[in-house]
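The structure under discussion appears below in the form of structure tokens.
Numbering (the working numbering), first residue to last: 29 to 407.
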């Protein structure tokens with residue numbers, strides 16, 4: 029165990045690290061440069077439980093509803109029934125990929141065992157064999173097991189399907205239950221699917237890179253399978269996820285350098301909740317909050333959709349009068365000003381601006397004069 033691993037274990041406390049899923053890895057892309065979130069993600073800490081014990085239960089936007097999970101599972105089962113016949117049809121008809129002969133490898137178990145490491149080894153062996161013998165018949169790999177290094181920890185990931193020998197390359201197939209209506213789908217849902225597909229593609233790229241297999245064998249165009257026009261019939265479309273891959277690679281590289289962030293934390297800092305048998309924390313709420321506050325945060329409103337700690341961080345930012353609570357547009361307009369109080373003081377003339385605040389001070393005072401004139405006119 030490295031010193032970084034030991035420090036992350038100390039931060040997390042007595043509980044084992046949470047397992048990553050493609051969804052939680054994809055959420056890394058939404059990190060606005062927040063050290064608090066990066067450190068806790070690297071430690072595998074249960075951010076939802078920590079937030080709850082600090083008095084800020086998880087916001088609904090940061091979780092996935094049980095109904096959505098059930099709907100997705102039902103649609104996936106329908107699409108992959110009959111040896112993946114529907115997937116094969118879509119690859120031929122919609123994606124235009126030549127698949128003259130297709131075999132179907134189910135990798136949810138290996139020899140009756142669902143052990144993650146065993147499944148990963150089996151998946152790795154099959155994918156490498158296919159990569160090195162491209163003349164073999166095309167194969168659909170159903171629920172393969174991939175692995176990704178995240179902050180020095182191994183995360184096991186399970187894509188829906190990986191298709192090989194579709195135009196001579198591996199394609200990640202994402203099966204989602206949101207509908208494609210008249211060729212259009214909800215943009216937020218599509219972007220979330222693209223990020224998850226990018227996670228799997230990165231894991232595939234890393235697997236092959238470790239074995240000196242050219243990276244180009246993995247397509248950066250994922251295949252999205254969804255219901256068509258509210259019917260049970262599935263349709264498919266390509267998603268170019270190169271941008272998402274680049275974003276996630278930057279975040280993963282940042283987590284790999286987590287030791288730099290850890291060096292700035294107080295010695296002995298821990299977020300161990302000391303949970304009792306009934307799940308009640310053995311630490312006072314104020315102590316948990318103080319431990320969180322010891323790690324620098326960068327709150328922005330979009331955190332409410334992607335991070336379990338968002339409500340805590342928003343309250344903290346509001347108490348500090350941080351400009352970030354106003355949103356990205358206001359923060360950018362007030363560039364260089366950290367607090368709302370500073371902005372108001374400059375606008376009212378109760379604070380003298382520094383040399384680099386001259387332009388923003390002029391803009392603030394001009395805006396205040398317009399607001400005052402409008403208010404006077406309304407009166």
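From the three backbone atoms N, C-alpha and C, an ideal C-beta is built for every residue, glycine too.
Bear in mind that the values here come from a model prediction, so they are computed numbers and not experimental data.
| Item | Value |
| --- | --- |
| Report the partner residues of residue 309 according to the DSSP bridge assignment. | 303 |
| Going by DSSP in three states, residue 226 sits in which element: helix, strand or coil? | helix |
| Measure the alpha-carbon distance for residue 215 versus residue 282 and round it to whole angstroms. | 27 Å |
| Residue 212 by DSSP, collapsed to three states: which one? | strand |
| Mind listing, in chain order, the continuous alpha helix (DSSP H) runs of no fewer than 4 residues lying wholly within the segment 318 to 399? | 331 to 334, 338 to 347, 356 to 361 and 368 to 376 |
| Under 8 Å: do the segment 108 to 123 and the segment 366 to 377 share three or more Cβ pairs, one atom per stretch? | no |
| Can residue 191 and residue 223 be called in contact, C-beta distance under 8 Å? | no |
| Check the C-beta distance from residue 358 over to residue 351 and give it rounded, since I have them as a contact under 8 Å. | 7 Å |
| Among the residues of its own chain, which have a CB less than 7 Å from the CB of residue 355, if the five just before and after it don't count? | 329 |
| Residue 55 and residue 248 - do their beta-carbons sit closer together than 8 Å? | no |
| Would you mind sorting residue 260 into buried or exposed? The rule is 16 or more other CB atoms within 10 Å of its CB. | exposed |
| Helix, strand or coil: how does DSSP classify residue 109 here? | helix |
| When burial is assigned at 16 or more other CB atoms within 10 Å of the CB, is residue 178 buried or exposed? | buried |
| What would DSSP say about residue 242, mapped onto helix, strand or coil? | coil |
| Using the C-alpha atoms, what's the distance from residue 208 back to residue 189? | 20 Å |
| What number of angstroms, rounded off, separates the C-alpha of residue 59 from the C-alpha of residue 279? | 8 Å |
| If you measure from the CB of residue 389, is any heavy atom of the ligand SAM nearer than 7 Å? | Absence of the ligand SAM from the depicted structure is noted, as is the absence of any ligand whatsoever, leaving it without description. |
| Rounded to a whole number of angstroms, what is the C-alpha to C-alpha distance between residue 407 and residue 377? | Residue placement at residue 407 is flagged as unreliable, the pLDDT there being 47, under the threshold of 50; the coordinate-derived value follows with that caveat. Their Cα atoms are separated by approximately 24 Å. |
| As a quick exercise: from 318, 253 and 311, pick the residue whose alpha carbon is nearest that of residue 294. | 318 |
| Where does residue 293 fall in DSSP's three states? | coil |
| So, helix, strand or coil for residue 134, using DSSP? | strand |
| Over what stretch of residues does the alpha helix (DSSP H) that includes residue 74 continue unbroken? | First-last for residue 74: undefined, no H or E at that position. |
| Go to residue 33, then tell me how far its beta strand (DSSP E) extends in each direction, as first and last residue. | Premise fails: residue 33 lies in the alpha helix (DSSP H), 31 to 40, not in any beta strand (DSSP E). |
| How is the beta strand (DSSP E) around residue 55 delimited, first residue to last? | Here residue 55 belongs to no beta strand (DSSP E), and DSSP marks it neither H nor E. |
| May I ask which residues mark the beginning and end of the alpha helix (DSSP H) holding residue 265? | Taken as a continuous stretch (DSSP letters only), residue 265 belongs to no alpha helix (DSSP H), being part of the beta strand (DSSP E) at 262 to 268. |
| Check whether the Cβ atoms of residue 229 and residue 213 lie closer than 8 Å to each other. | no |
| Going by C-alpha distance, which of 321, 84 and 401 is nearest residue 64? | 321 |
| Which two residues bound the contiguous alpha helix (DSSP H) that contains residue 142? | Neither: residue 142 is in no alpha helix (DSSP H) and is coded neither H nor E. |
| Shortest alpha-carbon distance to residue 204 belongs to which of 264, 343, 273 and 39? | 264 |
| For residue 104, does the three-state DSSP call read helix, strand or coil? | helix |
| Tell me which residues share the same chain as residue 404 and place their Cβ nearer than 7 Å to its Cβ, disregarding the 5 neighbours each side in the sequence. | none |
| So is residue 199 buried or exposed if we call it buried at 16+ other beta carbons inside 10 Å? | buried |
| Kindly list the residues whose CB is nearer than 7 Å to the CB of residue 291, restricted to its own chain and excluding five residues on each side of it in sequence; keep chain order. | none |
| Would you check if the distance between the CB atom of residue 154 and the CB atom of residue 183 is smaller than 8 Å? | no |
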